[in-house]
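Q: This is the structure I have questions about; it appears just below.
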Amino acid sequence: METIEAIDVRNEHWSIDEWSHRIDKLLDGESATAVFNVDEHDTREYDAIFLGGGAGGRFGSAYLRAMGGRQLIIEKWPFLGGSCPHNACVPHHLFSECAAELMLARTFSGRFWFPNMDGVTTSIKEMVDVFKRGRVGPHAIMNYQSKEQLDLEYVVNAAGRVIDAHTVEVAGRRFRAKNLILGTGARSATLDVPGKDLKGVYTYESIVETLDYEPSETVVVVGGSKTAVEYGSFFSATGRRTIMVVRTQPLKLLPDGETRHYAVTRMKEEGVDIWEGSNVVEIEDDGTGRVRAVKIQTPGGIERVETNFVFMALGEIPNSEMPVATLGVKTGSKGEILVDEHLRTSVPDVYAIGDLIGAPMEMFKARKSGTYAARNVMGESIAYRAADYPDFLHTHYEVTWVGLGEEEARERFREVIIIKMPPDSPDGWNVGLPASDRTMLYAFEKMPKSGFQKLVIDGGSRKIVGAHHVGYGARDGFQYLAVLMRQGLTIDQMGDFDELFLNPSHFIQLCRLRAGARQLQNL
Ligand SMILES: Cc1cc2nc3c(=O)[nH]c(=O)nc-3n(C[C@H](O)[C@H](O)[C@H](O)COP(=O)(O)OP(=O)(O)OC[C@H]3O[C@@H](n4cnc5c(N)ncnc54)[C@H](O)[C@@H]3O)c2cc1C
Ligand SMILES: NC(=O)c1ccc[n+]([C@@H]2O[C@H](COP(=O)([O-])OP(=O)(O)OC[C@H]3O[C@@H](n4cnc5c(N)ncnc54)[C@H](OP(=O)(O)O)[C@@H]3O)[C@@H](O)[C@H]2O)c1
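Residues in the sequence shown are numbered from 3 upward in steps of one, following this note's numbering.
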C-alpha cells in the first residue's frame with residue numbers, strides 16, 4: 003500500500019484566505035500532501051464514500067449530510083468543486099464575456115467612448131492568466147464552506163483507488179462505507195492524427211495549465227459544438243483569424259433551425275471562418291516539437307494553414323476505466339457508466355453520477371444526480387433522468403433554449419403558432435427589436451445585431467412548447483420557464499405575467515398581444 007505525506011485539518015479552522023494560500027501551494031506542486039478532514043470520533047459507518055469531489059460529489063455529499071447521514075469525499079485535486087471552476091465552465095464564462103465585450107468594442111470602434119480597434123489584436127494569454135490567478139478563490143470558498151458550514155468529511159489532494167464495492171484506498175488509508183458513489187467526471191477527447199501531441203495543441207484543460215505564449219494571428223479550432231463555438235468565438239473576438247474545422251455542421255444541438263441560422267450568421271459576420279464538412283488530417287512539426295501548420299481535408303481538397311495554435315473541442319470521455327477494471331461496472335458505447343433511474347450501476351451498492359454517466363454533461367445534472375443518489379442511499383426510492391431541461395451556450399451572445407424547435411413542433415402538432423422578434427417582414431433582421439440590456443446600442447445603431455427570439459406554441463392546446471433566445475440576460479428566466487412549461491404553461495398564462503419592461507426576452511408582452519384571440523395567429 004502506498005504511503006504519502008498527510009496532514010489532518012479536522013481541528014483547524016482556516017479562513018477562506020488561508021485555504022486560498024494552501025491550495026495555491028498544493029497546486030504549484032510544492033508538496034503531494036494529502037489533506038484529511040475526517041471525524042475520527044464518529045464511530046458510525048459511512049453511508050457513502052463519494053469518489054470525486056466535483057459538482058456531483060459535493061452536492062450529493064451535502065444532501066446526504068443534511069439528511070443526517072455520514073459521508074466521505076475523496077478528491078485528487080486539493081479542492082472541492084471539480085472541473086467546472088478549475089478548467090471548464092468558469093474559464094469559458096470569462097472568455098465568453100470577453101468575446102461579448104470585444105464584439106461591442108469592435109462594432110463601435112472609434113465611436114462614442116470606444117477606442118479605435120482597427121487592426122488591434124488582444125491577448126489570449128493575458129485572459130488565461132487572469133483566470134488562473136483568480137481560480138483558487140472559488141476553490142477556497144468550497145473547501146471552507148464544505149468543512150465549516152456543511153460539516154462534510156473529505157480527503158483532498160490524493161487520488162482514491164477502488165478496492166471493492168465498499169472500500170476505497172487513499173493516501174495509504176482504507177475507508178469502508180455501506181455504498182460507493184462514483185463521480186470521477188470526464189476528460190476531453192483528442193483527435194488521433196499525426197502531430198496531436200505537439201506543443202501548441204490544446205484542449206480546454208491544457209490551455210489553462212500550459213499556455214505560455216501568445217497564439218499566432220491565425221488559429222485553428224476543431225469541433226463544432228459548445229466548447230468549440232465558445233472558445234472559437236473568443237479567439238476570433240481577440241482579432242485573430244479563427245478557422246473552425248467542423249466535420250459536419252456547427253451547432254447541430256440547437257433544436258430550432260432559424261435560431262441556429264441567426265447564431266451561426268452572427269458568428270460568421272464577427273469573422274469566425276467556419277469550414278463545414280472538413281477534418282484535420284495532420285498537424286505539422288516545425289522541427290522543434292511545436293506546431294507549424296495544420297493540414298485540413300475540405301470538400302474542395304487538402305488545405306494547409308500556417309498556425310502555432312490548435313484547439314481541440316471534440317467532446318468528453320467519461321473517467322470510467324478504474325471502476326470498470328476493479329468492479330466490472332457495465333458501461334455504454336462511449337465509456338459512460340450505465341445507471342438505472344436510481345443512479346445504481348450494475349454492481350450492488352455502487353452508484354454513479356455526473357459526467358461519468360454520460361450526456362447531458364451539464365452542471366445541473368451533475369448536482370442533481372449527486373443529490374438523487376444520496377437520497378436513494380439514505381433510503382428514499384427516487385428516480386431521476388435528465389429530461390425537458392433548459393440549455394444554453396455562448397457564441398459572442400448567450401444562446402438559450404428549452405423545449406421544441408419549430409421543425410419538430412410542426413411534426414408533432416397540427417397547428418403551430420410562432421411568436422418571434424424580429425417579426426417576419428420584408429426587412430428581415432434589419433430591425434431594431436428585440437432590444438434590451440446589453441443590446442440597446444446595437445438596436446439603435448447596428449440593428450441586425452440586436453438578437454433573436456422565438457416562442458413555439460401548440461395552437462390546439464395553446465401551450466408553449468418551445469422557447470429560443472439569442473441575446474443577453476434571458477438565461478436566468480429560462481430556468482423558471484422550463485418548470486412552467488413542464489406544468490403546461492399557456493400563451494394566456496404567460497400573457498398574464500407581470501413583465502419588468504424592458505426585459506431581455508419580450509416573451510410576456512408578445513404573448514399578451516395575441517392571447518385575446520380565440521384563434522391564435524403568428525406574430
Ligand atoms: C469547456 C467546458 C465548459 C463548460 N461549461 C459549462 C457551463 O457553462 N454550464 C454547465 O452547466 N456545464 C458546463 N460544462 C459541463 C460541467 O463542467 C460538467 O458537467 C460538470 O463539471 C461535471 O461535474 P462532475 O461532478 O460530474 O465532474 P467533475 O466536476 O469533473 O468532478 C470529477 C472529480 O473527480 C475527481 N477524480 C477523478 N478521478 C479521481 C480519483 N481516482 N480519486 C479522486 N478524485 C478523482 C476529479 O479531480 C474531479 O474533481 C462545461 C464543460 C466544459 C468541458
Ligand atoms: N453549458 C455549456 O455552456 C457547456 C460548454 C461546454 C461544454 N459543455 C458540455 O461539455 C460536453 C462536451 O462539449 P463539447 O462541445 O466538447 O462536445 P460535444 O457536444 O460532444 O461535441 C463534440 C464536437 O466535436 C465533433 N467531433 C467529435 N469527434 C470528432 C472527430 N473524431 N473528428 C472531428 N470532429 C469530431 C462533433 O462533431 P459532430 O457534431 O459532427 O458529431 C461535435 O462538433 C458536452 O456534454 C457539453 O454539453 C457545456
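The beta-carbon is built from N, C-alpha and C at its ideal position, and this holds for glycine as well. Here the structure is a predicted model, which means the values were calculated and not measured.
Just to confirm, does M269 get its C-beta within under 8 Å of one of the non-hydrogen atoms of ligand 2?
A: Result no, Cβ not under 8 Å from ligand 2.
Q: What is the DSSP secondary structure of I151, counted as helix, strand or coil?
A: First, the amino acid is wrong: residue 151 is Gln here, not Ile. The answer is helix: DSSP assigns Q151 an H, G or I state.
Q: Would you decide whether R414 is buried or exposed? Buried here means 16 or more other CB atoms lie within 10 Å of its CB.
A: The residue in question, R414, is exposed, as its Cβ has fewer than 16 Cβ neighbours within 10 Å.
Q: Cβ of Q251 within 8 Å of any heavy atom in ligand 2?
A: Yes, since a heavy atom of ligand 2 falls inside the 8 Å radius drawn around the Cβ of Q251.
Q: Use the C-beta contact count for T5: other C-beta atoms within 10 angstroms, 16 or more gives buried, fewer gives exposed.
A: In this predicted model, T5 has a pLDDT of only 46, less than 50, meaning its place in the structure is not dependable enough to derive any value.
Q: For P93, which three-state DSSP category applies?
A: Helix at P93.
Q: When the Cα atoms are used, what is the spatial distance from S17 to G202?
A: If you take the alpha carbons of S17 and G202, they lie about 38 Å apart.
Q: Any contact of the segment 358-365 with the segment 191-209, i.e. 3+ C-beta pairs under 8 Å?
A: Flag = no, the segment 358-365 and the segment 191-209 do not touch.
Q: Would you kindly check if the distance between the Cβ of H141 and the Cβ of G83 is under 9 Å?
A: A contact, by the Cβ cut-off of 9 Å.
Q: Measuring CB to CB, does Y353 end up less than 9 Å from L184?
A: Yes, the pair counts as a contact, with Cβ atoms nearer than the cut-off.
Q: Using CA atoms only, rank isn't needed, just tell me which of Y65, S98, K149 and I126 is closest to F81.
A: Considering only alpha carbons, the answer is K149.
Q: What first and last residue would you give for the beta strand (DSSP E) that runs through V341?
A: From DSSP, V341 is part of no beta strand (DSSP E); its letter is neither H nor E.
Q: What are the residues that DSSP puts in a beta bridge with L74?
A: Paired residue(s): I51.
Q: Drop a sphere of 10 angstroms on the beta-carbon of H470, count the other beta-carbons inside from all chains shown, and report buried for 16 or more, exposed for fewer.
A: Flag for H470 reads buried.
Q: So what does DSSP say about P87, is it helix, strand or coil?
A: Correct three-state label for P87: helix.
Q: Enumerate in chain order the residues of its own chain whose CB-to-CB distance from T169 is below 6 Å, with the five nearest sequence positions on each side excluded.
A: The answer, listed in chain order, is R176 and R178.
Q: N89: beta carbon under 8 Å from a heavy atom of ligand 2?
A: For ligand 2, not one heavy atom lies less than 8 Å from the Cβ of N89.
Q: So who's on the other strand from Q523, going by DSSP bridges?
A: Per DSSP, none; premise fails for Q523.
Q: Kindly provide the ranges of any beta strand (DSSP E) runs that are 3 or more residues long and lie completely inside the segment 390-449, ordered along the chain.
A: Whole beta strand (DSSP E) segments, 3+ residues: 393-396, 400-405 and 418-423.
Q: Report the three-state DSSP secondary structure of W79 (helix, strand or coil).
A: Coil, per DSSP.
Q: Could you round the C-beta distance between V40 and E155 to whole angstroms and report it? I think they count as a contact, below 8 Å.
A: Indeed, because the Cβ distance is near 5 Å, the residues count as touching under 8 Å.
Q: Using the three-state DSSP reduction, which class does N159 fall into: helix, strand or coil?
A: Coil at N159, not helix or strand.
Q: Which same chain residues, not among the five before or five after D1, have their C-beta less than 7 Å away from its C-beta?
A: Look at the range of the chain in this structure, 3 to 525, and you will see that residue 1 is not part of it.
Q: Using DSSP bridges, identify the partner residues of L358.
A: The partner list for L358 (beta bridge, DSSP) is empty, contrary to what the question assumes.
Q: On a CA-only basis, which of V247, P436 and K127 is nearest E560? Give me that one, please.
A: Residue coverage of the chain in this structure runs from 3 to 525, which leaves residue 560 outside it and unanswerable.
Q: M3 to A36, Cα distance in whole Å?
A: Because the pLDDT of M3 is 45, which lies under 50, any placement of that residue in the model is unreliable, and the question is left without a value.
Q: Quick check: is any heavy atom of ligand 2 less than 8 Å from the C-beta of S371?
A: Incorrect: S371 has no Cβ contact closer than 8 Å to ligand 2.
Q: Return yes when the Cβ of H396 is within less than 9 Å of the Cβ of H88, no when it is not.
A: Going by C-beta atoms, H88 is not nearer than 9 Å to H396.
Q: Compute the minimum distance between the beta carbon of N145 and the heavy atoms of ligand 1, and state whether it is under 8 Å.
A: Incorrect: N145 has no Cβ contact closer than 8 Å to ligand 1.
Q: Excluding the 5 residues preceding and the 5 following V467 in the sequence, name in chain order all residues of the same chain whose CB lies nearer than 6 Å to its CB.
A: Answer for V467: G405, L406, A411, V458 and D460, listed in chain order.
Q: Take V331 as the anchor and find which of E343, G497, A315 and P350 has the nearest alpha-carbon.
A: The option with the nearest alpha carbon to V331 is P350.
Q: Considering just the uninterrupted stretch of the beta strand (DSSP E) at K465, what are its terminal residues?
A: Here the beta strand (DSSP E) through K465 covers K465 to G473.
Q: For A173, which residues in the same chain have their Cβ closer than 7 Å to its Cβ, ignoring the five residues on either side in sequence?
A: These residues qualify, in order along the chain: I6, A8, A36, V157 and A160.
Q: Suppose only complete runs of 3+ residues qualify. What are the beta strand (DSSP E) ranges in the segment 246-304, listed by chain order?
A: Listed in chain order, the complete beta strand (DSSP E) runs (minimum 3 residues) inside the segment 246-304 are 274-277, 281-287 and 293-300.
Q: Which class does M314 belong to by DSSP, given the choice of helix, strand or coil?
A: M314 falls in the strand class under three-state DSSP.
Q: How would you call F503, buried or exposed, if buried means at least 16 neighbouring beta carbons within 10 angstroms?
A: F503 should be labelled exposed.
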